[in-house]
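S.K.:
Residue numbers (the working numbering), protein chains in the order written: chain A, 4 to 430; chain B, 1020 to 1510.
#1: Below 7 Å between beta carbons: does that hold for residue 1430 (chain B) and residue 1396 (chain B)?
#2: Taking residue 1119 (chain B) as the reference, give the member of B:1265, B:1465, B:1299, B:1437 with the closest Cα.
#3: Can you find the residues in the same chain that come closer than 8 Å, C-beta to C-beta, to residue 1477 (chain B), ignoring five residues on each side of it along the sequence?
#4: Closest by CA to residue 1222 (chain B), which one among B:1485, B:1496, B:1032, B:1158?
#5: Spell out whether any CB of chain B is found under 7 Å from the CB atom of residue 110 (chain A).
#6: Terminal residues of the continuous beta strand (DSSP E) containing residue 414 (chain A)?
#7: Is the CB of residue 163 (chain A) under 7 Å away from at least one CB in chain B?
#8: Going by the DSSP bridge assignment, what does residue 251 (chain A) pair with across the sheet?
#9: Apart from the five residues on each side of it in sequence, which residues of its chain come closer than 7 Å, Cβ to Cβ, to residue 1277 (chain B)?
#10: Given a cut-off of 7 Å, decide if residue 267 (chain A) and residue 125 (chain A) are closer than it, judged by their beta-carbon atoms.
#11: Note down, in chain order, every chain B residue with its Cβ under 7 Å from the Cβ of residue 92 (chain A).
#12: Strictly below 9 Å CB to CB, what residues from chain B border residue 56 (chain A)?
#13: Contact between the segment 1382-1396 of chain B and the segment 1431-1444 of chain B is defined here as three or more beta-carbon pairs at a separation below 8 Å; is this criterion met?
#14: Show which residues of chain B have a CB atom less than 8 Å away from the CB atom of residue 159 (chain A).
#15: On the criterion of 16 or more Cβ atoms from any shown chain inside 10 Å, does residue 372 (chain A) qualify as buried, or is it exposed?
#16: For residue 63 (chain A), which three-state DSSP category applies?
#17: To which residues of the same chain is residue 70 (chain A) closer than 8 Å at the C-beta, ignoring the five residues directly before and after it?
#18: Under 7 Å, Cβ to Cβ, is there at least one residue of chain A near residue 1325 (chain B)?
#19: At 8 Å on the CB atoms, spell out the chain B contacts of residue 145 (chain A), in chain order.
#20: Which residues share a DSSP beta bridge with residue 1213 (chain B)?
#21: At which residues does the alpha helix (DSSP H) containing residue 150 (chain A) begin and terminate?
#22: My understanding is that residue 12 (chain A) touches residue 116 (chain A), with C-beta atoms under 8 Å, so please give their C-beta distance in whole angstroms.
#23: Tell whether a beta-carbon distance below 7 Å holds between residue 1100 (chain B) and residue 1174 (chain B).
#24: Compare the beta carbon distance of residue 166 (chain A) and residue 258 (chain A) with 7 Å and say whether it is the shorter of the two.
#25: Flag this pair as yes or no: are the beta carbons of residue 417 (chain A) and residue 355 (chain A) separated by less than 7 Å?
#26: Apply the 10 Å Cβ neighbour rule to residue 41 (chain A) and answer buried if 16 or more other Cβ atoms are within range, or exposed otherwise.
#27: Counting only runs that start and end within the segment 1166-1200 of chain B, where is the beta strand (DSSP E) found for 3 or more residues in a row?
#28: What residues in the segment 210-240 of chain A have a beta carbon less than 7 Å from any beta carbon of chain B?
#29: Quick check on DSSP: helix, strand or coil for residue 1373 (chain B)?
#30: Residue 1473 (chain B) versus chain A: which residues are under 8 Å apart at the beta carbon?
#31: Put residue 321 (chain A) into one of helix, strand or coil per three-state DSSP.
#32: Should residue 1229 (chain B) go down as buried or exposed, given a rule of 16 or more other Cβ atoms within 10 Å for buried?
#33: Applying a beta-carbon distance threshold of less than 7 Å, which residues of chain B neighbour residue 138 (chain A)?
#34: Could you confirm whether any beta carbon from chain B is found closer than 7 Å to the beta carbon of residue 41 (chain A)?
#35: Roughly how many whole angstroms lie between the Cα atoms of residue 195 (chain A) and residue 1050 (chain B)?
#36: If I'm right that residue 1034 (chain B) touches residue 1179 (chain B) with Cβ under 8 Å, what's the distance once you round it to whole angstroms?
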């Protein structure tokens, strides 16, 4: 193998929680030069505008606000020598491991690395994607846009709000806006169940007497220049507005919290294979993809419920990237056996979609999934290989808004080695 | 205020008239009620330069379409906006629709359209692999094209400005000033303007303007709303323009790809009574996809990244050619009952295509009313401002070295930089609103629909205009984005 001279061992695209954790772990693993490229003026990603608490309960056993959680990782990254290129956008990543970046200080240039970790996070679904009818005035924003205005810029996007969608950012903004003296009339959710965390329903809506309307949607936006009102209707089983149920609610702002989409433009253009169910890449247990040396982690793979798990995924991806980078220098890249993991009963998807049984001798593998519908009863999560049960765990309930996980350990390695494929059921 | 000519309306027609008149030693003023030119019908249409096989032969629409079509190459070169003569197809599905192609071909030949060609089912399937396998044949019109409809309007306005035309934005026509049966000016929300000739290019409002001078009381514009869907270019694009065979509702739902690379499906066709009613409706959206499936069966509603609607200025003018029985023709004429007034009205499709020819005709009419002398120093050339994503790596590098703001991306989906946004805010015709920046730079038009850029563009607009963020608007008065600081008592 030809030794390549590269600028960096590992380049991490995106300095949010996944990227920070990936860079730190690549450093710990022994990489010399690790660079995080981020488009914002400081690292931390979306955590910087998440000034509410609820972060770090799993990792630090502490209830932290978003910026404090991020700061712990930023400090760690800086102290272990991770390099940062901030206020910089990655334009393209090529399979020869060149990264094209642009910023207003050094302009557009090429950087090279031995391996690359993609941690671009996700973006919010927009009005057009859910096709809300009506006029197109100012005052229709995603919850995250409103969150940035309020928490970063210190300005209020409106006076009276209706929130469409019961996603976590929407519910958190309902509370935030109320605390800032705005009126949040209601949150409407087209599904018969909550799409975010139950704790946010209690702490952000119920504590502030903000009503939640399930099986309702905004059927029309009114107002020429600025939102003047929205029409809200109950929906039937096919999620179509039911005639005669509509109500006009006066408001000047409609916030949308209607889902998140992994931000995979760079990866897709580079040829990374995607899983259409999640909008993210098909990954193995080390968060490797179909292109050797490319790794992905965090919300760019699938949308998480808690940041702690995003950091954990970043850590794994960073370790894999470091090992790849160092193996490349040694000239030993290798192909390993992979076993597909399928979504079974009541499971929408499972990540990783394939695992390398060899990994189990080094570290356990956690399978993460979302259920297709709320199961408000005791349930079992079961991993099976054909007729053979590989792993099982009990839970008090399972809800689509909350990620379900189950861990595979070394003692299951032999069974898994023999398996054609694994399937996960929740029921 | 005194001038020679006032143009009412800064759509593509008004702006191209302004540019045409800027050749002459005239003091010309254009007024526009919105905060940017090209905000009405010119901002929401199919962006097509039609070949001219569709209008009824003998109508003004037919002649101006064919004449206008021929003018676009030179226009786009002089004004430096995107225009692609990609050709279009009318596709017949099933044997029943085949005769309609022959009718269109005959009509096109009568209208003087060059290069029309009937092609076989096999040929169209080969050229457009996504087409319905039931396709039975197609009419190919090589002279049809796609333009940047925002680009042409702004470019024409800028070139007019550079040649001495004055443009007043946020200025609405209220009434004519008439004495001895002669128009000598107009009244606006910002005062009276005295002039020798007024040109009515008021789009969907052209009938209301006309009636203020007592002209053609029978003429009425009933706006026809057209809804469109823009598809995610990462999922689906098509590099041509496809029409179904026309019905009595118009040219039908077509698919085309804009010069920005977005594939668009539309329009619907629905008469509305409110001249500002640009609503998106569930029935309209469903209609688009049902109809598009006829041409491209694989199309899927979930590929939509944006929706919009525009209004066509559909009039009821009888064709002036007595041999033609047609009741929706263009009006481009001197007012019959008063002096000093020219009307351009009922300019629906193919209005964009015809716009340069309409401007030429207006200049000819004006020649009969005023003595026009050509300026020796008239400059037909306008250059576009740089866009880093269209530059080579080296050119991009050089541009950023000159102005670092071209290195900072503000809209990540479309790759628009701060430099481009700032350049538009300080352009000869300044972009002062979010929508104006959007139309000129394509900021916020991608998959995230402004999710990332919006707060940043508001910040840049506030900084560059020297105003507070509370004064920054989406599209002019009443459309502010944000209302107050946090940590303050609510009203």
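Glycine residues also receive a C-beta, built at the ideal position from the N, C-alpha and C atoms.
M.R.: Reading from the atomic positions:
#1: As a position in the second chain, residue 1430 (chain B) is number 411, starting the count at 1. As a position in the second chain, residue 1396 (chain B) is number 377, starting the count at 1. Their beta carbons are not under 7 Å apart, which means residue 1430 (chain B) does not touch residue 1396 (chain B) by this criterion.
#2: The count along the second chain starts at 1 and reaches residue 1119 (chain B) at position 100. For the residues B:1265, B:1465, B:1299, B:1437, the minimum Cα distance to residue 1119 (chain B) belongs to B:1265.
#3: One-based indexing of the second chain puts residue 1477 (chain B) at position 458. 1453, 1488, 1491, 1500, 1501.
#4: In the second chain, the residue the question calls residue 1222 (chain B) occupies position 203. Closest option to residue 1222 (chain B), Cα to Cα, is B:1032.
#5: Taking the first chain and counting its residues from 1, the one referred to as residue 110 (chain A) is at position 107. By this cut-off, residue 110 (chain A) is an interface position.
#6: Position 411 of the first chain holds residue 414 (chain A). First-last for residue 414 (chain A): undefined, no H or E at that position.
#7: Taking the first chain and counting its residues from 1, one reaches residue 163 (chain A) at position 160. No, residue 163 (chain A) does not count as interfacial toward chain B.
#8: What you label residue 251 (chain A) is simply residue 248 of the first chain in a count that begins at 1. Beta-bridge pairing links residue 251 (chain A) to A:234.
#9: The count along the second chain starts at 1 and reaches residue 1277 (chain B) at position 258. Taken in chain order, the residues that qualify are 1066, 1165, 1283.
#10: Along the first chain, read from residue 1 onward, the residue named residue 125 (chain A) stands at position 122. Along the first chain, read from residue 1 onward, the residue named residue 267 (chain A) stands at position 264. Not in contact: residue 125 (chain A) and residue 267 (chain A) (Cβ atoms no closer than 7 Å).
#11: Against the first chain, residue 92 (chain A) aligns to sequence position 89. Result: 1428, 1431.
#12: Indexing the first chain from 1 puts residue 56 (chain A) at position 53. Going along chain B, no residue has its Cβ under 9 Å from residue 56 (chain A), so there is no contact; the nearest lies around 18 Å.
#13: no
#14: If you number the first chain from 1, residue 159 (chain A) lands on position 156. Simply 1501, 1502, 1503, 1504, 1505.
#15: Against the first chain, residue 372 (chain A) aligns to sequence position 369. Buried, since its Cβ has 16 or more Cβ neighbours within 10 Å.
#16: Taking the first chain and counting its residues from 1, one reaches residue 63 (chain A) at position 60. Residue 63 (chain A) falls in the coil class under three-state DSSP.
#17: As a working mapping, residue 70 (chain A) is identified with position 67 in the first chain. Answer for residue 70 (chain A): 47, 50, 51, 53, 54, listed in chain order.
#18: Locating residue 1325 (chain B) in the second chain gives position 306, counting from the first residue. So, interface residue.
#19: Along the first chain, read from residue 1 onward, the residue named residue 145 (chain A) stands at position 142. Those are 1470, listed as they occur along chain B.
#20: Position 194 of the second chain, counting from 1, holds the residue named residue 1213 (chain B). Answer is B:1021, B:1204, bridged to residue 1213 (chain B).
#21: Position 147 of the first chain, counted from the start, is the residue given in the question as residue 150 (chain A). Element bounds for residue 150 (chain A): 146-151.
#22: If you number the first chain from 1, residue 12 (chain A) lands on position 9. If you number the first chain from 1, residue 116 (chain A) lands on position 113. Between residue 116 (chain A) and residue 12 (chain A) the Cβ distance is about 7 Å, and since that is below 8 Å, they are a contact.
#23: In the second chain, residue 1100 (chain B) corresponds to position 81, counting from 1. In the second chain, residue 1174 (chain B) corresponds to position 155, counting from 1. For residue 1100 (chain B) and residue 1174 (chain B), yes; Cβs fall inside 7 Å.
#24: Residue mapping note: residue 166 (chain A) aligns to position 163 of the first chain, counting from 1. Residue mapping note: residue 258 (chain A) aligns to position 255 of the first chain, counting from 1. Contact: yes.
#25: Residue mapping note: residue 417 (chain A) aligns to position 414 of the first chain, counting from 1. Residue mapping note: residue 355 (chain A) aligns to position 352 of the first chain, counting from 1. Not in contact: residue 417 (chain A) and residue 355 (chain A) (Cβ atoms no closer than 7 Å).
#26: Numbered from its first residue, the first chain carries residue 41 (chain A) at position 38. Buried, because 16 or more other Cβ atoms sit within 10 Å of the Cβ of residue 41 (chain A).
#27: 1185-1187, 1192-1198
#28: 227, 228, 229
#29: Mapped onto the second chain, residue 1373 (chain B) falls at position 354. Looking at residue 1373 (chain B) - three-state DSSP - the assignment turns out to be helix.
#30: Counting from 1 along the second chain, the entry for residue 1473 (chain B) is found at position 454. Chain A residues near residue 1473 (chain B): 144, 148.
#31: Residue numbering aside, residue 321 (chain A) sits at position 318 when the first chain is read from its first letter. Looking at residue 321 (chain A) - three-state DSSP - the assignment turns out to be helix.
#32: Within the second chain, numbered from 1, the residue matching residue 1229 (chain B) stands at position 210. Buried, because 16 or more other Cβ atoms sit within 10 Å of the Cβ of residue 1229 (chain B).
#33: Along the first chain, one-based indexing puts residue 138 (chain A) at 135. Correct list: 1297, 1298.
#34: To locate residue 41 (chain A), count along the first chain from 1; it is residue 38. Judged by the 7 Å Cβ criterion, residue 41 (chain A) is not in contact with chain B.
#35: The residue labelled residue 195 (chain A) in the question sits at position 192 within the first chain. The residue labelled residue 1050 (chain B) in the question sits at position 31 within the second chain. Each residue's Cα considered, the two are about 52 Å apart.
#36: Taking the first residue of the second chain as 1, we reach residue 1034 (chain B) at position 15. Taking the first residue of the second chain as 1, we reach residue 1179 (chain B) at position 160. That belief holds up - the Cβ atoms of residue 1034 (chain B) and residue 1179 (chain B) are roughly 7 Å apart, short of 8 Å.
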